[in-house]
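**Q** In full-length UniProt numbering, the protein residues as written are 1 to 278.
Think of the CB as a built atom: it goes at the ideal place given N, C-alpha and C, for glycine as much as any other residue.
Below is the structure I would like to discuss, written out as structure tokens.
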Amino acid sequence: MYDRFSALRMIDLWLAEDIGFFDLTAQLMIDPKARATFHMNAREPITVAGIEVAAAVFTRYEPSCQIELKVEDGQAVDKGAVLMIVSGPAQALLTAERVALNIVQRLSGIATETAKYASAIAHTKARLLDTRKTTPGLRMLEKHASACGGALNHRLGLDNGVMLKDNHIAVCGSISEAVRRAKLKVPALTKIEVECDRLEQVREALAAGADVIMLDNMAIPAMREAVLFVAGRAALEASGGIRLDTIAAIAETGVDYVSTSRPLQSAPAVDIGLDEPR
């Protein structure tokens with residue numbers, strides 16, 4: 001889910017960046033009265049994200065454009081699938097094309113990569129979490145894409161929860177003191193998470209009343225021991241250095257969540273094109 005009002009404001013910035021004063025090529029070459037219809041096609045298997053945003057790029061630039069969406073965000077499609085049919089003034093479609101493709105390629109890339117990670121742990125009880133390591137200005141859209149791929153959103157921003165990391169703990173003096181201070185003022189329904197990289201920290205965090213304990217860069221045997229010790233008294237999140245080839249073994253330790261930024265940070269843009277109807 002994303003804020004459509006904010007998305008429209010971002011679209012205005014994207015179009016202004018790409019167009020400048022005007023689209024020189026379209027203005028010189030295309031008859032202002034010419035109309036066109038194009039199909040937006042997946043050129044490889046993908047999980048779709050951002051298709052409504054891509055459609056909004058066209059209608060934001062030229063409100064008379066007609067859009068027929070053929071897929072929904074979160075849908076897995078094969079190579080050759082038609083994602084959208086767009087019709088309208090040819091000049092406008094050609095001018096807005098690149099911005100529309102850029103955003104849907106980027107977001108679908110995140111969703112497609114996220115889906116690989118979610119699938120890798122589908123046989124366990126663990127759920128995939130994303131992180132705040134997003135592109136500045138695109139967080140809500142990238143978080144939406146992550147959810148389309150099967151992840152749960154971690155904090156959307158710093159105001160969405162209390163996470164006591166090593167530097168917070170160092171300033172406070174101990175995990176116990178950091179949790180105590182947080183509990184004094186935290187809103188009633190807001191969870192407190194504590195980052196731990198050693199088993200003795202896990203014990204201290206649990207005793208202090210943490211709601212969620214992050215097992216940060218722990219070895220798998222230590223994670224298993226933490227799961228046995230905590231025994232469901234707090235949620236456990238594994239994090240740090242998670243890769244597609246390691247995530248299954250980590251999830252199989254019995255943790256509740258596995259968080260990774262890799263799909264957000266390193267997902268390649270997928271291949272989507274705007275083509276003439278066949």
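In terms of alpha-carbon separation, which member of Arg243, Ser108, Val255 lies closest to Ser146?
**A** The count along the sequence shown starts at 1 and reaches residue 146 at position 146. Taking only the C-alpha atoms, the option nearest Ser146 is Ser108.
**Q** Looking at the structure shown, is Gln66 part of a helix, part of a strand, or coil, going by DSSP?
**A** Locating residue 66 in the sequence shown gives position 66, where the first residue counts as 1. Residue state, collapsed to three classes: strand.
**Q** Under 7 angstroms between the Cβ atoms of Glu142 and Ile110?
**A** Position 142 of the sequence shown, counting from 1, holds the residue named residue 142. Position 110 of the sequence shown, counting from 1, holds the residue named residue 110. It is a contact, given that the beta carbons lie within the stated cut-off.
**Q** Would you kindly check if the distance between the Cβ of Val179 and the Cβ of Ala226 is under 7 angstroms?
**A** Position 226 of the sequence shown, counting from 1, holds the residue named residue 226. Position 179 of the sequence shown, counting from 1, holds the residue named residue 179. Going by C-beta atoms, Ala226 is not nearer than 7 angstroms to Val179.
**Q** Can you grab the Cα-Cα spacing for the pair Glu177 / Arg262, in whole Å?
**A** To locate residue 177, count along the sequence shown from 1; it is residue 177. To locate residue 262, count along the sequence shown from 1; it is residue 262. Each residue's Cα considered, the two are about 32 angstroms apart.
**Q** Exposed or buried, what is Ala231 when buried is set at 16 or more other beta-carbons lying within 10 Å of its beta-carbon?
**A** Position 231 of the sequence shown, counted from the start, is the residue given in the question as residue 231. Exposed is the call here.
**Q** Measure the CB-CB distance between Leu129 and Ala118 and report whether it falls below 7 angstroms.
**A** Position 129 of the sequence shown, counted from the start, is the residue given in the question as residue 129. Position 118 of the sequence shown, counted from the start, is the residue given in the question as residue 118. No. Outside cutoff.
**Q** Report yes or no: do three or more beta-carbon pairs, one from the region 201 to 219 and one from the region 165 to 175, lie closer than 8 angstroms?
**A** Because the criterion of three Cβ pairs below 8 angstroms is met, the region 201 to 219 and the region 165 to 175 touch.
**Q** For a quick check, are the C-beta atoms of Val270 and Ala238 less than 7 angstroms apart?
**A** As a first step, residue 270 is located in the sequence shown; it is residue number 270 there, counting from the start. As a first step, residue 238 is located in the sequence shown; it is residue number 238 there, counting from the start. Not a contact, by the Cβ cut-off of 7 angstroms.
**Q** My parser needs the alpha helix (DSSP H) runs of 4 or more residues fully inside the region 232 to 264; what are they?
**A** Listed in chain order, they are 247 to 251.
**Q** What's the gap between the Cα of Ile250 and the Cα of Ile220?
**A** Working through the sequence shown from its first residue, we reach residue 250 at position 250. Working through the sequence shown from its first residue, we reach residue 220 at position 220. Straight-line Cα distance between these residues: approximately 6 angstroms.
**Q** What are the boundary residues of the alpha helix (DSSP H) that Phe58 is part of?
**A** In the sequence shown, the residue the question calls residue 58 occupies position 58. Its alpha helix (DSSP H) spans residues 51 to 61.
**Q** Residue ranges of each beta strand (DSSP E) run of no fewer than 3 residues wholly in the region 82 to 143, ordered along the chain?
**A** Qualifying beta strand (DSSP E) stretches, in chain order: 82 to 89, 127 to 129.
**Q** Which word fits residue 308, buried or exposed, when buried means at least 16 other C-beta atoms lie within 10 angstroms of its C-beta?
**A** With the chain covering only 1 through 278, there is no way to say anything about residue 308.
**Q** For residue 309, which option in His123, Ala36, Asp18, Glu72 has the closest C-alpha, if you only look at C-alpha atoms?
**A** Since the first residue shown for the chain is 1 and the last is 278, residue 309 is missing from the structure and cannot be characterised.
**Q** Measuring only the C-alpha atoms, how far is Leu93 from Pro32?
**A** Taking the sequence shown and counting its residues from 1, the one referred to as residue 93 is at position 93. Taking the sequence shown and counting its residues from 1, the one referred to as residue 32 is at position 32. Spanning the two alpha carbons is a distance of roughly 12 angstroms.
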